[in-house]
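Protein sequences appear in the order of chains A, B, C and D.
Here the first sequence is numbered in this note's numbering, starting from 1 and rising by one per residue.
Here the second sequence is numbered in this note's numbering, starting from 329 and rising by one per residue.
Here the third sequence is numbered in this note's numbering, starting from 657 and rising by one per residue.
Here the fourth sequence is numbered in this note's numbering, starting from 985 and rising by one per residue.
So the structure is just underneath, and the comments pick up after that.
4 protein chains.
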Amino acid sequence: MIRFGIIGAGRIAKVHARSTSQHPHAQLVAISDPVEEAREALAQEYGVKAVAEAADIFNDPEIDAVIVCSPTPLHIEHIVAGVKAGKAVLCEKPIAMEVEAAEGIRAQLDGEDARVMLGFNRRFDPNFAKVHTVAQAGELGPVEQVTIISRDPAAPSKDYIKVSGGIFKDMTIHDFDMARFFLGDIATVSATGQNLEEDLKDTGDFDAAVIVLTSKDGKVATIINNRHCATGYDQRLEVSGPDGAAFAENVRPTTVRVSKREHSDALDPYLDFFLERYEAAYYNELDAFIEAVNGQRDFTPGIEDGIVALKIAQAADESARSGKVVEL
Amino acid sequence: MIRFGIIGAGRIAKVHARSTSQHPHAQLVAISDPVEEAREALAQEYGVKAVAEAADIFNDPEIDAVIVCSPTPLHIEHIVAGVKAGKAVLCEKPIAMEVEAAEGIRAQLDGEDARVMLGFNRRFDPNFAKVHTVAQAGELGPVEQVTIISRDPAAPSKDYIKVSGGIFKDMTIHDFDMARFFLGDIATVSATGQNLEEDLKDTGDFDAAVIVLTSKDGKVATIINNRHCATGYDQRLEVSGPDGAAFAENVRPTTVRVSKREHSDALDPYLDFFLERYEAAYYNELDAFIEAVNGQRDFTPGIEDGIVALKIAQAADESARSGKVVEL
Amino acid sequence: MIRFGIIGAGRIAKVHARSTSQHPHAQLVAISDPVEEAREALAQEYGVKAVAEAADIFNDPEIDAVIVCSPTPLHIEHIVAGVKAGKAVLCEKPIAMEVEAAEGIRAQLDGEDARVMLGFNRRFDPNFAKVHTVAQAGELGPVEQVTIISRDPAAPSKDYIKVSGGIFKDMTIHDFDMARFFLGDIATVSATGQNLEEDLKDTGDFDAAVIVLTSKDGKVATIINNRHCATGYDQRLEVSGPDGAAFAENVRPTTVRVSKREHSDALDPYLDFFLERYEAAYYNELDAFIEAVNGQRDFTPGIEDGIVALKIAQAADESARSGKVVEL
Amino acid sequence: MIRFGIIGAGRIAKVHARSTSQHPHAQLVAISDPVEEAREALAQEYGVKAVAEAADIFNDPEIDAVIVCSPTPLHIEHIVAGVKAGKAVLCEKPIAMEVEAAEGIRAQLDGEDARVMLGFNRRFDPNFAKVHTVAQAGELGPVEQVTIISRDPAAPSKDYIKVSGGIFKDMTIHDFDMARFFLGDIATVSATGQNLEEDLKDTGDFDAAVIVLTSKDGKVATIINNRHCATGYDQRLEVSGPDGAAFAENVRPTTVRVSKREHSDALDPYLDFFLERYEAAYYNELDAFIEAVNGQRDFTPGIEDGIVALKIAQAADESARSGKVVEL
């Protein structure tokens, strides 16, 4: 049984609290958050300790592993503190707001036994994972083209967008990791940004984008993003090679099709939002983390995957603003 | 080049006029119909002769083959006249209104070289034909269960229903032939009739039905019929065996799926009605008939298939009214 | 929090042990089974008491509700004992092996406050439940035809079949309940049995069947059963009315489609078997039961639903053997 | 009745010969091709005149309209000759190999009544046309993102590739026109080329590519191309706006789905190749052209559409080689 502490009591912390409470080999012990109301509510729901300071989690000898769900600017600090306290660490994405800050972690962890996994949960989604398995098994031949369509149901608040680090670091970063999952090392980034929502224009951020990545060996991944989608959380993936293609379709709450006078076989809207769509992915991610803690697998995706995804995000922003392909 | 005459200028005659005009080895020569307006209109559309009497078709030395599209009570007479005139005959279903009348054709054609094919066009539908091919190839193992769903978009007029011979002889007869196409000889018939449309009740006919057929070797076919279907002409088939199943889905005018807030991936309504849905089937049926005329295949389905389908229809009516399984 | 005891430690008991352990308002307290190894293994997995006698469950004052997962011949006895001990009871299907035995429960529970729900879990499957919601909302117009396709992945052992009560009471009983869920009172039953598997023939039972039910107001339900299906657990439902139709499709482990040279868009096989396919249904059933215990809904489906389903099963057997429609 | 001459007797000429022979208001009169064998074979199949010189078509007073299916370098010459001879002209894509040559046509046709339509047949595909209708009707809200996936079943010969003008002018040009069909004027082009097939590398051409186009009002079209696709001719399109999305799926020869042990609902491979996939599109294109000849619609897409598509193709090539966004 691995005993967990969670740093943070926000939206994503709730996901992890649920997963840890459901996993047969996980036990949630404590939750920290500076906001009293938030930490108390969540701690009470799961019958665990609530503490104000992250340090109280790191110093708790009853805790084996921590899940870092704090605001992004605190991720590096919390990963380092966790490692130095001897905890295994599962940290949410992105690893940091800036590449420089992210790379600074290398020196801070120098000489440590850093048991750190990054929360790129989509690698653990059963649908995407099956596409990966099919591709890895060689059923499609060598992967040639990857297409990722990733649209949120609705844009977050302007306040959030302003502190989000921008669409590439906040939203596309998952897709960058998926591209690396299928293509390996990325060589070039070419991005095109869009401003579709009138009232988001003054954030200075894009609210939709298309990004084309090439791998070192000439494969291509195309990512199509949008901050809104009428039908829900649009999360699709297709991977093709000379021998075939595999598609991960959207997930719906039921398999029901309805036919009427005006149309046939209409399905439900897509699951909306990530808590529902990626519930299994978060659970499987926790499962993989626990296996890593138990020495049954590596802590992967890890810190370097987080740094590389952030570098691609930064390159995408540069490309979208300069109109030039950026080499990594 | 096979030169055709068509007996009749109604709805189904138009289908065959179109097919013969499109087929590279068919040439439409003349159309007969007692109704002047009808025969003239159709003949003019295809630039062919219009004659009042069917006899003028049979006696025309320039005609090699006739397609019988006259009212059902005249089918036997027209088949016999065609054969005796040395023509190859393609006759629409059903072969007759009553089994006794149908069986009378055997004596009338005794000693003749009866080159006659019955218009069970669904055997030639590319979708159903592919299911048949898959099944015949043994991909599913020995066929065990066949399910046919066959719903018309809307009931015909009461006047038509009264002279139609009833739902089993008029509508289900196609499905009976399909059941035989997959299962071979039918041993028992069990039918359940429904009266769903209030204003059709006084016709004395059912307007929906479920019929269960068993074959001599213990296979089962289930037919689900309805005189109406909101989404169009609902024509599906599934065949299963111990090693798999094959499904022929409905046909739509396009492949387009539309997603909105309330639903995802809504397709077009089904093609409506048989002229559209079975256009390819009618063409392929003509093609098979021409091959038979050219000695490249048998004239099948033939007269005996028409008689058997009619017997099953009669048994279905008897079963639906008596509540008993009828043995053939 | 409702405290549960489970009678039995077999396959279906494991499903309910899992559901009760996951539900936030359920607490599993004890499991009884005469087989020591079975009860100890299951009790240990969930950290609860293991007892040999069902009576120890009924007499336990710490238990609020019992789930009866004993062999069918004991169901009536265990329901009655549970009710008399003041427990709420959730009993697995079928309620008994014979209608007479089942009806005997009425006298035994006379004067008792019988808080009993029958385990027709499919009513709680999200897919079938959505079809029901769509139909109840009137989106399809008055329901006219229901088609249920229900095929198990593989036949159980001959030993099990011999004590199962036969295909209609063991397997189709779920489908009979679904038919009633959509159509209400059933008036007639017409069944056709098949013997497809050579080595099951000497069990005297059918291993496949088609059953046609009519409701008192002229609706029809068609049920197509088979003890085996190559692609997994084939569980589909379609409901149609004059304004449309709703289809519950099979459930697959992922949404992934694979295209190759020989085919396109191949999906995973169906989820196999009922533990996986109906996991959500069992959970939702438990949730409904807990709501009933808390006075928020009725205990439905209840004892009378169990008796009626059994009557239909008996009528189906009679019809399949006599070749006659059986009126209820 | 419009009387047609066809310039050329190659692969695409055969498509148009078939369409003109099937259309009720078209009559094929003559075919010209310098290769005797080719022109005789095709002319004989349709029972029309065969001539060696294109001039014999232009000078034929019995011909109302010509379809230009000559090699691309001759397109401009043949369009001009046709117009000057008073014929209506339907010319295959691309209009020319080089933008400069294409633009030269303006001076040559100055003062002429140029009744010229360009063969961007995909606008007339029933699937893409329906998506366009849905989008134009405002059902999706203002179009935001268009995604076109266009993969050929197999690369043409190296000899053809060398004279093809390159992937962007030869293959993607159709997709550029589709992007314009949905987005209107294109402002920028950003292309990424791939070399996937070893033995095509020395052609100097790409054999796969991703191209991102932005419109003047900030919409984006993404085109994903590949010279090969294992499952057939992969031709898909999706268009999304704030209120929904529409998808044109691939076309298969039948609707049959096959389920076995290892997978469920496998469909046929995609129709292969453009003669089959776009048969209806070519026919509808001809129909539109005939309507234009009859004054019932404009000759659109026209010469300027051909020039713009070529400009985009040239810009794509420049972008793929320079790594920069190219403004039009």
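Note that beta-carbon positions come from the ideal geometry of N, C-alpha and C, so glycine has one too.
Assuming residue i is part of the beta strand (DSSP E), what are its boundary residues?
i       : result
A/R257  : V256 to S259
C/S985  : No information on residue 985 of chain C is available, as it lies outside the stretch 657 to 984 that chain C covers here.
C/Q801  : Q801 to R807
B/G569  : D562 to G569
D/F988  : I986 to I991
D/Q1178 : I1170 to Q1178
C/L774  : V772 to L774
B/A573  : G572 to A576
D/T1198 : A1192 to S1199
A/V51   : K49 to V51
A/L28   : A26 to S32
Could you spell out where the alpha helix (DSSP H) holding residue i opens and where it closes?
i       : result
D/G1290 : I1287 to S1306
C/S675  : R667 to Q678
C/N881  : Note, C/N881: premise wrong, no alpha helix (DSSP H); beta strand (DSSP E) at V876 to N882.
C/I719  : Where C/I719 is concerned, there is no enclosing alpha helix (DSSP H), given that its DSSP letter is neither H nor E.
What residues of chain C sit near residue i, judged by a beta carbon separation below 8 Å?
i      : result
B/D513 : What B/D513 touches in chain C: nothing, since even the nearest Cβ is about 16 Å away.
A/F206 : Chain C residues near A/F206: none, gap ~28 Å exceeds 8 Å.
A/P126 : P909 and T910
Since residue i and residue j are thought to touch, with beta carbons under 8 Å apart, how far apart are those beta carbons, to the nearest angstrom?
i       : j       : result
B/E525  : B/A483  : 6 Å
C/F776  : C/I968  : Contact doesn't hold; Cβ gap of about 13 Å is too wide.
C/G661  : C/V685  : 6 Å
D/G1307 : A/K324  : 6 Å
C/L942  : C/H731  : That pair is no contact at about 18 Å.
B/I391  : B/K415  : 7 Å
D/R1220 : D/A1232 : 6 Å
With distances taken from CA atoms, which of the options is nearest residue i?
i       : options                               : result
A/V210  : D/V1173, D/K1185 and D/H1009          : D/V1173
A/P234  : D/S1224, D/Y1217, D/A1214 and D/C1213 : The identity of residue 234 of chain A in the sequence shown is Asp, whereas the question assumes Pro. The shortest Cα separation from A/D234 among D/S1224, D/Y1217, D/A1214 and D/C1213 belongs to D/S1224.
C/D712  : C/E693, C/A757 and C/G738             : C/G738
D/A1010 : D/P1285, D/E1275 and D/G1279          : D/E1275
C/A864  : C/I805, C/L927 and C/L984             : C/I805
C/I842  : C/Y702, C/G900, C/A699 and C/A971     : C/A971
B/A637  : B/V394, B/I489 and B/K497             : B/K497
A/G204  : A/A320, A/D64 and A/E144              : A/A320
C/V868  : C/Q764, C/M827 and C/V982             : C/V982
B/G375  : B/G466, B/Q624, B/R555 and B/R346     : B/R346
A/T133  : C/F955, C/F930, C/Y938 and C/V912     : C/V912
A/A230  : D/V1083, D/P1137, D/P1126 and D/E1029 : D/P1126
C/A669  : C/M657, C/A706 and C/I658             : C/A706
Since residue i meets chain A, which of its residues come closer than 8 Å, beta carbon to beta carbon?
i       : result
D/T1206 : V210, T222 and I224
Residues of chain D with CB closer than 8 Å to the CB of residue i, please, in chain order.
i      : result
C/L923 : H1247, S1248, D1249 and A1250
What residues of chain D sit near residue i, judged by a beta carbon separation below 7 Å?
i      : result
B/S587 : G1228 and A1229
Mind checking whether the beta-carbon of residue i lies closer than 7 Å to any heavy atom of the ligand MN?
i      : result
B/A644 : In the structure on display, the ligand MN does not appear, and there are no ligands present to speak of.
Find the residues of chain C that neighbour residue i, judging by a C-beta separation of less than 7 Å, and give them in chain order.
i      : result
A/K329 : Because chain A here runs from 1 to 328, residue 329 of chain A falls outside it and cannot be looked at.
Closer than 7 Å by beta-carbon distance: list the chain B residues that pair up with residue i, in chain order.
i      : result
C/S846 : S518 and T520
Using a Cβ cut-off of 7 Å, pull out every chain A residue sitting near residue i, in sequence order please.
i       : result
D/A1214 : P242, D243 and G244
Whose Cβ in chain A lies nearer than 9 Å to the Cβ of residue i?
i      : result
C/E790 : In the sequence as presented, Glu is not what sits at residue 790 of chain C; that position holds Val. Neighbours of C/V790 on chain A, chain order: V256 and V258.
Starting from residue i, find everything on chain B with Cβ-Cβ shorter than 9 Å and list it in chain order.
i       : result
D/A1232 : T582, T583, V584 and R585
List, in order along the chain, the chain D residues whose C-beta lies closer than 9 Å to that of residue i?
i      : result
C/Y889 : Here the premise fails: no neighbours, minimum Cβ distance about 11 Å.
Can you check the stretch 723–759 of chain C for any alpha helix (DSSP H) of at least 4 residues that lies completely inside it and give the ranges in chain order? 731–740
What alpha helix (DSSP H) runs, 4 residues minimum, are completely inside the stretch 1262–1287 of chain D? 1263–1277
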